[in-house]
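Throughout the sequence shown, residue numbering follows our numbering, covering 366 to 502 in sequence. The C-beta atom is built at its ideal place from N, Cα and C for all residues, glycine as well. Since this is a predicted model, take the numbers as computed values, not measurements. Since the structure comes first, as structure tokens, the remarks are kept for the end.
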Amino acid sequence: GMFIKARCLTMTDTYPFEHQLFKIISDDFPFLKELNINNVEPQKEKQHSSTLINFPHLNLLNLVEAHVDYAEQFLVDTNTHLPCLLDLCIEYKSLAMVTNNFTNDTTRLYCAKLKGLHIDKPFVRSKRFDEYFPLLL
366 GMFIKARCLT MTDTYPFEHQ LFKIISDDFP FLKELNINNV EPQKEKQHSS
416 TLINFPHLNL LNLVEAHVDY AEQFLVDTNT HLPCLLDLCI EYKSLAMVTN
466 NFTNDTTRLY CAKLKGLHID KPFVRSKRFD EYFPLLL
């Protein structure tokens with residue numbers, strides 16, 4: 366069914382969420398603004414299908430309690446389209462891994478648009494970090 370009034374969704378499970386499930390979520394929750402993923406299990410299907418998932422209104426993505434695979438699922442621009450993403454909550458370790466220490470071009474598109482980045486622990490911002498996230502103060 367369609368959940369056109371839902372704006373926030375929290376997904377929690379002990380079994381991995383796969384690419385196809387996110388396709389269903391994006392179709393059935395077309396106006397989501399906030400998505401929280403709580404799943405520390407790695408995805409079993411590492412090769413994502415050619416289906417680009419579109420979350421046209423999503424502006425907050427919370428991956429603090431999520432395996433790094435979900436950061437890859439959402440932040441790699443060939444997997445998921447996030448034109449309105451402004452805020453990201455994530456563990457530093459996952460962020461550094463998925464961005465390849467802030468050098469990965471496939472994650473740069475969404476990271477460059479972020480106005481808020483909420484990380485689980487303090488860290489020293491490198492020059493590469495500041496170039497990768499130019500809108501962060």
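Hey, quick one: how far does the alpha helix (DSSP H) through residue i stretch, first residue to last?
i, result
"His-384", "384-393"
"Cys-476", "470-476"
"Asp-495", "492-497"
"Tyr-457", "457-463"
Between the Cα of residue i and those of the options, spot the shortest distance and give me the residue it belongs to.
i, options, result
"Cys-449", "Asn-424, Val-429, Asp-442", "Asn-424"
"Pro-487", "Pro-407, Lys-458, Glu-410", "Lys-458"
"Leu-417", "Phe-368, His-432, Leu-386", "Leu-386"
"His-483", "Phe-467, Leu-451, Thr-468", "Leu-451"
"Thr-375", "Asn-401, Ser-391, Leu-397, Cys-476", "Asn-401"
"Val-463", "Gly-481, Tyr-497, Lys-480, Val-489", "Tyr-497"
"Lys-398", "Asp-470, Ala-461, Leu-447, Tyr-475", "Leu-447"
Over the uninterrupted beta strand (DSSP E) stretch that includes residue i, give me the two end residues.
i, result
"Met-367", "Note, Met-367: premise wrong, no beta strand (DSSP E); not H, not E."
"Leu-374", "373-377"
"Leu-400", "399-403"
"Leu-482", "481-484"
Output the distance between the C-alpha atoms of residue i and residue j, rounded to the nearest integer angstrom.
i, j, result
"Glu-456", "Asp-495", "17 angstroms"
"Lys-478", "Asn-465", "18 angstroms"
"Phe-368", "Lys-492", "42 angstroms"
"Phe-394", "Tyr-380", "21 angstroms"
"Asn-472", "Leu-501", "Correcting the residue identity first, residue 472 is Thr in this sequence and not Asn. Taking the straight line from one Cα to the other gives about 16 angstroms."
"Val-441", "Val-433", "12 angstroms"
What does residue i pair with, by DSSP beta-bridge criteria?
i, result
"Asn-424", "DSSP, once it has assigned bridges, lists no residue as partnering Asn-424."
"Cys-449", "Bridge partners of Cys-449: none, in fact."
"Ala-436", "Answer is none; Ala-436 lacks a bridge partner."
"Ala-431", "Asn-404"
"Asn-419", "His-446"
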